[in-house]
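Asker: So the sequence shown is numbered by the working numbering: it starts at 79 and just counts up by one.
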Amino acid sequence: PTRERVLILNKVDLVKRDTLLALAAAANEGARFSRTFMVSALTGDGLPALMDYFAGEMPEGHWLYPEDQMTDLPLRWLAAEITREKLMVRLHEELPYHSTVETEQWTETPKGVRIEQTIYVERESQRKIVLGKGGGTIKAISTAARLEISEFLQRPAHLFLFVKVRENWADDPERYREMGIEFPR
79 PTRERVLILN
89 KVDLVKRDTL
99 LALAAAANEG
109 ARFSRTFMVS
119 ALTGDGLPAL
129 MDYFAGEMPE
139 GHWLYPEDQM
149 TDLPLRWLAA
159 EITREKLMVR
169 LHEELPYHST
179 VETEQWTETP
189 KGVRIEQTIY
199 VERESQRKIV
209 LGKGGGTIKA
219 ISTAARLEIS
229 EFLQRPAHLF
239 LFVKVRENWA
249 DDPERYREMG
259 IEFPR
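1. Against chain B, does residue 141 count as a neighbour if the rule is that its beta carbon must be under 8 Å from one of theirs?
2. Considering just the uninterrupted stretch of the alpha helix (DSSP H) at residue 142, what are its terminal residues?
3. Apply the 10 Å Cβ neighbour rule to residue 143 and answer buried if 16 or more other Cβ atoms are within range, or exposed otherwise.
4. For residue 102, which residues from the same chain have a beta carbon less than 8 Å from its beta carbon, with the 5 sequence-adjacent residues on both sides left out?
5. Rounded to whole angstroms, how far is the Cβ of residue 223 from the Cβ of residue 161, which I believe are closer than 8 Å?
6. For residue 121, report the span of its alpha helix (DSSP H) as first-last.
7. Along the beta strand (DSSP E) that carries residue 242, what are the first and last residues, could you check?
8. So, are the CB atoms of residue 199 and residue 241 less than 8 Å apart?
9. Please state if the CB of residue 196 and the CB of residue 182 are separated by a distance shorter than 8 Å.
10. Let me know the secondary structure DSSP gives residue 183 once reduced to three states.
11. Along the chain, where does the alpha helix (DSSP H) containing residue 97 start, and where does it finish?
12. Under 8 Å, do residue 264 and residue 237 count as touching if we go by C-beta distance?
13. Along the chain, where does the beta strand (DSSP E) that runs through residue 87 open and close?
14. Name the DSSP bridge partner or partners of residue 116?
15. Check residue 196 in the structure and name its three-state DSSP category.
16. Where does residue 190 fall in DSSP's three states?
17. Under 8 Å by Cβ, that's how I've got residue 130 and residue 91 pegged, so tell me the actual separation to the nearest angstrom.
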C-alpha cells in the first residue's frame with residue numbers, strides 16, 4: 079500500500095513568509111504532497127499540528143510493553159548511552175569516536191541505584207584527556223550523566239566512573255554482541 083507523503087519545512091523562523099510559500103508551492107508542484115507543514119523546531123511553531131498529524135496516522139495496536147515503561151532497552155544500556163552522550167558533548171573535538179562506555183555494576187539500594195561504569199579508550203593519551211586536569215573533565219561528565227540518569231529513573235543515581243585503556247576495543251566482536259549488533263567483518 080502506498081502512503082501519503084507530507085512536506086515538512088523546518089526553520090521557518092528564519093525565512094520570510096513569501097519565500098516559504100513559494101518554496102512549498104515549488105516542492106508540491108513536482109511531488110504532490112498530501113500535506114505541508116511549516117515548523118520551527120527552535121520556537122515550537124507548527125509542531126503541535128505536525129505531532130497531531132502523525133499521531134492520527136499511527137495504526138491502532140496492542141502495547142509492546144507496559145504503558146508506564148518508556149523503552150524496552152535495558153536500563154544498564156541506557157545509562158551507558160547517557161554517559162557516552164555526555165562524554166561526546168564534552169570532548170567532541172578531542173575524542174570523537176575512540177571511546178565507549180560499559181555499565182559494569184548496577185545495584186539497587188534503598189536510597190536509589192549505584193552504577194559503576196567504565197569508559198574505555200584506545201590510548202593512554204586519550205585516558206588523560208577524559209580525566210582532564212585534576213579530574214575536572216571526568217567530574218563534569220559524571221555530574222551531567224548522574225543528573226540525567228536520576229531524572230530518567232526518577233530516583234537518585236550514584237554514578238562512579240572509571241577510565242581504562244583497552245587497545246583496539248572497537249575490533250572486539252564480544253563488544254558488538256553485548257550491544258546486540260553483528261560484528262562488521
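Glycine included, every Cβ here is placed at the ideal spot set by N, Cα and C.
From a predicted model like this one, the values you see are computed outputs, not experimental measurements.
Answerer: Once the coordinates are examined:
1. Of the protein chains in the structure, only one exists, and it is not chain B.
2. Within the sequence shown, residue 142 is the residue found at index 64, counting from 1. Run containing residue 142: none; DSSP gives neither H nor E here.
3. Here residue 143 refers to the residue found at position 65 when the sequence shown is read from its first residue. Flag for residue 143 reads exposed.
4. On the sequence shown, residue 102 is found 24 positions in, with the first residue counted as 1. Only 85, 87, 114, 116 meet the Cβ criterion.
5. Residue mapping note: residue 223 aligns to position 145 of the sequence shown, counting from 1. Residue mapping note: residue 161 aligns to position 83 of the sequence shown, counting from 1. Residue 161 and residue 223 do touch by the CB rule: their CB atoms are close to 4 Å apart, below 8 Å.
6. Within the sequence shown, residue 121 is the residue found at index 43, counting from 1. That residue, residue 121, is in no alpha helix (DSSP H); it is neither H nor E in DSSP.
7. Locating residue 242 in the sequence shown gives position 164, where the first residue counts as 1. It spans 235 to 243 - the beta strand (DSSP E) in which residue 242 sits, taken as one unbroken run.
8. Here residue 199 refers to the residue found at position 121 when the sequence shown is read from its first residue. Here residue 241 refers to the residue found at position 163 when the sequence shown is read from its first residue. Contact: yes.
9. By 1-based counting over the sequence shown, the position of residue 182 is 104. By 1-based counting over the sequence shown, the position of residue 196 is 118. For residue 182 and residue 196, yes; Cβs fall inside 8 Å.
10. Counted from its first residue, the sequence shown places residue 183 at position 105. Looking at residue 183 - three-state DSSP - the assignment turns out to be strand.
11. On the sequence shown, residue 97 is found 19 positions in, with the first residue counted as 1. Unbroken alpha helix (DSSP H) run through residue 97: 95 to 109.
12. Any property of residue 264 remains undetermined from this structure, which presents the chain solely from 79 to 263.
13. By one-based count along the sequence shown, residue 87 stands at place 9. Where residue 87 is concerned, the enclosing beta strand (DSSP E) stretches over 84 to 87.
14. Within the sequence shown, residue 116 is the residue found at index 38, counting from 1. Partner(s): 87.
15. Residue mapping note: residue 196 aligns to position 118 of the sequence shown, counting from 1. Residue 196 falls in the strand class under three-state DSSP.
16. The residue labelled residue 190 in the question sits at position 112 within the sequence shown. DSSP places residue 190 within a strand segment (E or B) once states are collapsed to three.
17. As a working mapping, residue 130 is identified with position 52 in the sequence shown. As a working mapping, residue 91 is identified with position 13 in the sequence shown. The Cβ separation is near 20 Å, so there is no contact.
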